[in-house]
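A.B. asks:
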Amino acid sequence: MESTKLTIVPEYSAEQFYNTSEPYEFLYQFKDDKFLLGQMREKVKAQAAKVGVRGFIGLWNAYLETINQQRGISLDNATTFEGQQIELFSGQYICDEYGVSTTDKYGYEQFICRHPIMPIERLVNIDSGEERLKIAYKKGKVWRTLIAEKSVLASSNSILQLAANGVLVNSENAKALSTYLFEIENLNYEEIPEQKSVGRLGWIGGHGFSPYVDELVFDGENNFKHIFNAVKSNGNRQEWVDVMLKLRAEKSPGRIFLASAFASVILEPCGLLPFFVHAWGGTETGKTVGLMIAASVWACPKMGEYITTFNSTLVGQEMTATFLNSLPMCVDELQIQSSAGIKDFDKIIYQLTEGVGRTRGAKTGGLQKINSWRNCIITNGEQPISNANSGGGAVNRIIEFECDQKVYSDLVGICAVINQNYGFAGREFVEYLQTEGAFERVNALQKEYYRELLKTDSTDKQAASASAILAADHIATELIFKDGNNLTVEDMVKIMTKKQEVNVHTRAYDYIMELVARNPNKFVANEYGNYQGEVWGKIEADNIYIIKSVFDREMSLQGYNSTAFLAWAKRLGYLLTNKERRTIVARIAGNPTNCVCIVKKSEPLPDDFEEIEDEFDF
29 MESTKLTIVP EYSAEQFYNT SEPYEFLYQF KDDKFLLGQM REKVKAQAAK VGVRGFIGLW
89 NAYLETINQQ RGISLDNATT FEGQQIELFS GQYICDEYGV STTDKYGYEQ FICRHPIMPI
149 ERLVNIDSGE ERLKIAYKKG KVWRTLIAEK SVLASSNSIL QLAANGVLVN SENAKALSTY
209 LFEIENLNYE EIPEQKSVGR LGWIGGHGFS PYVDELVFDG ENNFKHIFNA VKSNGNRQEW
269 VDVMLKLRAE KSPGRIFLAS AFASVILEPC GLLPFFVHAW GGTETGKTVG LMIAASVWAC
329 PKMGEYITTF NSTLVGQEMT ATFLNSLPMC VDELQIQSSA GIKDFDKIIY QLTEGVGRTR
389 GAKTGGLQKI NSWRNCIITN GEQPISNANS GGGAVNRIIE FECDQKVYSD LVGICAVINQ
449 NYGFAGREFV EYLQTEGAFE RVNALQKEYY RELLKTDSTD KQAASASAIL AADHIATELI
509 FKDGNNLTVE DMVKIMTKKQ EVNVHTRAYD YIMELVARNP NKFVANEYGN YQGEVWGKIE
569 ADNIYIIKSV FDREMSLQGY NSTAFLAWAK RLGYLLTNKE RRTIVARIAG NPTNCVCIVK
629 KSEPLPDDFE EIEDEFDF
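Position 161 of the sequence shown, counted from 1, bears residue number 189 in the working numbering, the numbering being contiguous throughout.
#1: Taking just the CA atoms, how far does I427 sit from F304?
#2: Look at the alpha carbon of S367 and the alpha carbon of L196, and state the distance between them as a whole number of angstroms.
#3: Would you report the Cα separation of K59 and Y91, rounded to the nearest angstrom?
#4: Please list, in chain order, all residues of the same chain as G236 whose beta carbon is under 8 angstroms from its beta carbon, the five residues on each side excluded.
#5: Would you call S493 buried or exposed, if buried means 16 or more other Cβ atoms sit within 10 Å of its Cβ?
#6: Taking the alpha carbon of I626 as the reference point, which residue from K260, A617, R610, P620 has its own alpha carbon closest?
#7: How far does the alpha helix (DSSP H) with V317 in it reach, from first residue to last?
#8: Since R402 and E312 are thought to touch, with beta carbons under 8 angstroms apart, how far apart are those beta carbons, to the nearest angstrom?
#9: Taking Q113 as the reference, which of A182, P221, L64, A204 has the closest Cα?
#10: Since Y556 is in the alpha helix (DSSP H), which residue starts that stretch and which ends it?
#11: Measuring CA to CA, which of V226, L190, N250 is closest to L209?
#12: Could you check if Q138 is buried or exposed, using at least 16 other CB atoms within 10 Å of its CB as the buried criterion?
#13: Ordered along the chain, which non-local residues of its own chain (more than five positions away) have a Cβ less than 7 angstroms from that of V180?
#14: Could you tell me which whole beta strand (DSSP E) segments of length 3 or greater appear in the region 572 to 617?
#15: Is G172 near D247, with beta carbons less than 8 angstroms apart?
#16: What do you get for Y40, buried or exposed, if any count of 16 or more other CB atoms within 10 angstroms of its CB means buried?
#17: Note the first and the last residue of the continuous alpha helix (DSSP H) segment covering T350.
#18: Could you have a look at F45 and say whether DSSP puts it in helix, strand or coil?
#19: On a Cα-Cα basis, can you pick out the residue from P51, S206, L215, G168 that is closest to T107?
#20: Taking only the alpha-carbon atoms, compute the straight-line gap between N353 and G227 and give it to the nearest angstrom.
#21: What is the DSSP secondary structure of E149, counted as helix, strand or coil?
#22: Are I321 and V445 touching if we call contact CB-CB under 8 angstroms?
#23: Please check if any C-beta of chain D sits within less than 8 angstroms of the C-beta of D519.
#24: Taking its Cβ as the centre, do 16 or more other Cβ atoms sit within 10 Å of D360, making it buried, or is it exposed?
#25: Who does V245 pair with in a DSSP beta bridge?
#26: Taking only the alpha-carbon atoms, compute the straight-line gap between A327 and V259 and give it to the nearest angstrom.
#27: For C623 and Y559, I'd like the C-alpha separation in whole angstroms.
#28: Have a look at V458, G127, A164, G309 and flag the residue whose alpha-carbon is nearest the alpha-carbon of A500.
#29: For F63, list the residues DSSP reports as bridge partners.
#30: Between the Cα of C284 and those of K166, F429, I398, L380, spot the shortest distance and give me the residue it belongs to.
#31: With respect to the alpha helix (DSSP H) encompassing F285, which residues constitute its N-terminal and C-terminal limits?
#32: Per the DSSP calculation, I122 is bridged to which residue(s)?
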């Protein structure tokens, strides 16, 4: 009976609506029943209109805000999370150990998140200019942190990604949580500390060299954070230098690893493209120790810290190269990836030595920022990274050598030293490069070595890569080692690939000559005119006739392009043909047969090398 009386709206005058709180107090008593409150609000609204009162809903909302302020919900509220790193103004939000909540306009409690969560740091990326927020959140008694892009936090759909980190967010509270984080940051913009951040290593245009920038915070992919943290100095500088002086004095392959580590950071200043340095050989030579030597120039060389293994996907490799940017990419046991289905490494070589990633679409529409890098990729394995049928462009991008002696006489001893002492030389090298006139000097040295190397039987690309190694080693010798044992042009020429070795067609020609030599019975009939087994062709003086189908099959088995080879051979006069064709009809075993006729040359093949890039469809 009492509730019936309450639902009867008193006859309020316009003066009561405008000059008293009585109509609004009447409505507020129904706040615990949203349905009934809605009904009564409409009745009071109708009565207000009846007496000529306009803007009733606005007056009602203003009354609710006044009530909330009286309850202690004001812009002067502060976060009271236990163990919070900083105290922030919380505005309309109640931020305590129960989480984050607010009240709706009717005074009902609305939970935003059922655990403490707050922004504690603003990160401004010096590379891209993008802002990120470091978010602290408490699960149980433990505070955790994550770094999120502003674009992720601003969207009720994207913010759901935080659930993967343990944040209690779902489709029900996503919008409210996004609004809370936005408003709290805006309310406390000056109070939230701002830090410079970076998501990759190496030269960052206009800002120096990462991570050697004061108060720099990492904001990149979590799977690269351990590498970023590994780039640091540790232990005793002189102990590291002393063991490297012994290595250099032994003139072992270890010198190549060491010099290549320095060379990586001068590629960008010198305008050079990335290249591979690959050491191959048995397990007793210390190839992995060679990688550790290279890594110790910059970072902790322990396995699992700086040194990586190859991701089986091209995208993964590109991301790693992008992150390292200017620092060397050290990859242990490259050929292990054969088990992941990689038959040859030409695609890998081409992609990584381009220094530019593929154009890809962004999830939010448009295109992603194109990745780029300029570094040296230092690898090892039990076999060469190139093979007989590798494209000339791939071979041209590799400086590889057989590790036929130990990289250092005392492998155990050098490991013990560099695992505890590392990271000094790289920082000193970079600091020198940032001094006045250093870039100019390095460029001059690189060009001088390049001109010297071009006088040898090397290609332009091989000379460019080797000149970077020599120039970097020259500077490192003067700056750090001071022993006069820097690498020479002669040292590099010994391991560089010659022009004819780079030319895939020259290698194919040599293979054909070898194939014929290994299979004489397939080309020469016995005294009775019969062949033993399969017939491949015949030999007449210096002309080798190979049945066309056999020729195509054997070339394909080795990965050579028979059409391209025949065009090259005809152009140079190594092919006997019928008029405009690339084949000739000859009698094989008494039958007219379409053949490829290779002219056998006794003198060395002429130097016709052209640096033509292989076409490669990624």
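Ideal Cβ positions, reconstructed from N, Cα and C, are used throughout, including at glycine.
C.D. replies: With the structure as the only source:
#1: 6 angstroms
#2: Caution applies to S367, whose pLDDT of 42 falls short of 50 and renders its modelled position unreliable; the value that the coordinates give is listed next. Going from the Cα of S367 to the Cα of L196 covers about 41 angstroms.
#3: 13 angstroms
#4: Q462
#5: buried
#6: R610
#7: 315 to 324
#8: Between E312 and R402 the Cβ distance is about 34 angstroms, and since that is not below 8 angstroms, they are no contact.
#9: When each option's Cα is compared against that of Q113, the closest is P221.
#10: Here Y556 belongs to no alpha helix (DSSP H), and DSSP marks it neither H nor E.
#11: L190
#12: exposed
#13: Closer than 7 angstroms at the Cβ level, and outside the excluded window around V180, lie S186, I187, Q189.
#14: 612 to 616
#15: The identity of residue 172 in the sequence shown is Arg, whereas the question assumes Gly. No, the pair does not count as a contact, with Cβ atoms beyond the cut-off.
#16: Answer is buried; the Cβ neighbour count reaches 16.
#17: 342 to 352
#18: helix
#19: Restricting attention to P51, S206, L215, G168, the CA atom closest to the CA of T107 is found in L215.
#20: 10 angstroms
#21: strand
#22: no
#23: Here there is only one protein chain, and chain D is not present.
#24: buried
#25: S225
#26: 4 angstroms
#27: For C623 and Y559, the distance between alpha carbons rounds to 17 angstroms.
#28: For A500, the nearest C-alpha among the options comes from V458.
#29: DSSP lists no partner for F63.
#30: Looking at the sequence provided, one finds Ile at residue 284 rather than Cys. The shortest Cα separation from I284 among K166, F429, I398, L380 belongs to F429.
#31: 282 to 291
#32: S129
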